[in-house]
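Q: In the numbering used here, the protein residues as written are -14 to 60. Before I ask anything, let me first share the structure, which is written out below as structure tokens.
In structure tokens, the structure reads:
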């Protein structure tokens, strides 16, 4: 799964979990109907992450499928 951030950036599900596990982000709310997640960053900022599909992302976004999900390589 790839997420589109409220500031225009993209994250793979692997990227999200790495940030959660390291404490860089703290999950705040998850909308079970839309799959959107709100997270607080380590500097106190609130981000909304909206799930999107690989075909809906911009062509210049590079990502890779890994064993545990998807990782965004570059924007």
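From the three backbone atoms N, C-alpha and C, an ideal C-beta is built for every residue, glycine too. This structure is a prediction, so every number in the text was calculated from the model and none was measured.
With distance defined between alpha-carbon atoms, name the residue in 6, 11, -11 nearest to residue 24.
A: Residue 24 has its Cα closest to that of 11, out of 6, 11, -11.
Q: Can you tell me whether DSSP reads residue 4 as helix, strand or coil?
A: Reduced to three states, the DSSP call for residue 4 is helix.
Q: When DSSP labels each residue in this structure, what does residue 9 get in the three-state scheme?
A: Note: residue 9 maps to coil in three-state DSSP.
Q: How big is the Cα-Cα spacing for residue -8 and residue 28?
A: Between residue -8 and residue 28, the C-alpha separation is close to 15 Å.
Q: Under DSSP, the beta strand (DSSP E) around residue 25 begins and ends at which residues?
A: Residues 22 to 26.
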